[in-house]
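Position in the sequence shown (from 1) plus 238 gives the number in this note's numbering.
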Amino acid sequence: MKKKLLVAAMSAVLMIGIAITSFADTYDPQYPLKGHMESWFVQSPVTGTTAWKSDPDNFFFVSNNRFQYAMDLAIRNRDPYSLTYFRDGMELAAIAKLTDYPATGLDGVDQEKLERLTTEIRNFLNSFDWRNSSDYEKVVQIAKRITKADYVNQDGTQYSYSCLVDGKANCDGYTNAARLLAACVGLPVSGLGPGNHIYPAFLVDGVWLAYEPTSKDNYFTVADVYSPTIYLSGEPQLAKLGEYCEATGYEIPSSVEGKFPNVTYGYIYGERAPFIKFK
Numbered sequence: 239m240k241k242k243l244l245v246a247a248m249s250a251v252l253m254i255g256i257a258i259t260s261f262a263d264t265y266d267p268q269y270p271l272k273g274h275m276e277s278w279f280v281q282s283p284v285t286g287t288t289a290w291k292s293d294p295d296n297f298f299f300v301s302n303n304r305f306q307y308a309m310d311l312a313i314r315n316r317d318p319y320s321l322t323y324f325r326d327g328m329e330l331a332a333i334a335k336l337t338d339y340p341a342t343g344l345d346g347v348d349q350e351k352l353e354r355l356t357t358e359i360r361n362f363l364n365s366f367d368w369r370n371s372s373d374y375e376k377v378v379q380i381a382k383r384i385t386k387a388d389y390v391n392q393d394g395t396q397y398s399y400s401c402l403v404d405g406k407a408n409c410d411g412y413t414n415a416a417r418l419l420a421a422c423v424g425l426p427v428s429g430l431g432p433g434n435h436i437y438p439a440f441l442v443d444g445v446w447l448a449y450e451p452t453s454k455d456n457y458f459t460v461a462d463v464y465s466p467t468i469y470l471s472g473e474p475q476l477a478k479l480g481e482y483c484e485a486t487g488y489e490i491p492s493s494v495e496g497k498f499p500n501v502t503y504g505y506i507y508g509e510r511a512p513f514i515k516f517k
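And the structure:
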């Protein structure tokens, strides 16, 4: 009996050791995105250089209206992750560097700035176990990271670089930084907001959650994806996320009780609404 218990204990220790070794072997803190992001890089048929797979500019020769083509493709595949794409060579180069991907056509970016942005993203990815974290844990970490930046509404603060490196961001800067970090951890994200304002919305366990970083909120709200962003000729126009949700039949949940931790209630535009608080 003792012999059987000893063998069982040794087997358990061996299995734990294998699991730890396996994780250590597959996760490289120098290149934390290696083995994770390669499928999102393509050689653009337009430029012949490295591009993000869902970037509409890659479809220039496929459709005269490449933006609509890219949206239709995301809808057809029911792939909200494809709503995100990068034209900023700095962001694309940083992701490629953290993936150890042999990118081409990105040599023109400022190498000193690239190193700084890459360092900030790498530090973020190494600050928690994002590969085994829940979507909710990921979005909390993103919210905490981007709001380390001070809200500064001036030209030059609209970039993920200004948010993550300079520590200054306007609404675009926060949202672009959220897009960048969310893409790295595999979390769909898009932008919402009326006219001259934007804020990020994340898909978390099937629910689009909105976050307002300019006021450094410590809570998420259920995103009103069907709220018009602008009016053209008196007709309400949805944001890209709203169009995607409408086409894929997304229903805004009436309750998130039991789905997220620490749900309290307050009022948004005079209506009672859930607030998903985090520390």
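Note that the Cβ used here is the ideal one computed from N, Cα and C, for glycine as well. Fair warning: this is a prediction, and the values are worked out from it, not measured in the lab.
Per DSSP, reduced to three states, the secondary structure at Val300 is coil, with no helix or strand assignment.
For the region 445-473, the continuous beta strand (DSSP E) assignments of 3+ residues that do not extend past its boundaries occur at 445-448, 457-460, 468-470, in sequence order.
Per DSSP, Glu375 is one residue of the alpha helix (DSSP H) stretching across 373-384. Looking at the DSSP output, Ala407 sits in a beta bridge with Tyr389.
Counting only runs of 3+ residues, the beta strand (DSSP E) found wholly inside the region 262-301 occupies 279-281, 288-290, in chain order. Here Leu330 is not near Leu311, since their CB atoms are 8 Å or more apart. In terms of Cβ geometry, Leu355 and Pro426 do not form a close pair [threshold 8 Å]. For the pair Cys401 and Ile384, the Cα-to-Cα distance works out to about 7 Å.
Between Phe305 and Val284, the CB-CB gap reaches or exceeds 8 Å. In chain order, Thr385 place their CB closer than 7 Å to the CB of Lys454, counting only its own chain and leaving out the 5 sequence neighbours on each side.
Here DSSP, grouped into helix, strand and coil, assigns Lys335 to helix. Listed as beta-bridge partners of Ile506 by DSSP are Glu509. The region 410-417 makes contact with the region 390-399; the number of CB pairs closer than 8 Å reaches 3 or more. Here the alpha carbon of Ala289 sits roughly 8 Å from the alpha carbon of Asn296. Excluding its 5 nearest sequence neighbours in each direction, Lys478 has C-beta neighbours in its own chain below 8 Å: Met309, Leu321, Ser428, Gly429, listed in chain order. As computed with DSSP, Ile514 is found in a beta bridge with Phe458, Val501. When secondary structure is reduced to three states using DSSP, Gln475 falls in the strand class. Fewer than three pairs of CB atoms, one per stretch, sit closer than 8 Å, so the region 355-370 makes no contact with the region 429-440. Sixteen is the threshold: when 16 or more other Cβ atoms of the shown chains lie within 10 Å of the Cβ of Lys335, as they do, the residue is buried. Between Pro318 and Tyr482, the C-beta spacing is below 8 Å. DSSP, read as helix, strand or coil, puts Pro318 in helix.
Leu430: member of the beta strand (DSSP E) spanning 427-430, first to last residue.
Using a 10 angstroms sphere on the CB of Pro499, the tally of other CB atoms stays under 16, which defines it as exposed. The C-alpha of Val403 is placed about 23 Å away from the C-alpha of Lys517. The three-state reading of DSSP puts Ala341 in coil, since its state is none of H, G, I, E or B.
In the DSSP annotation of this structure, the continuous segment of the beta strand (DSSP E) that includes Phe440 starts and ends at 437-442.
For the options Leu476, Glu450, Tyr307, the alpha carbon positioned closest to that of Ser292 is the one of Tyr307.
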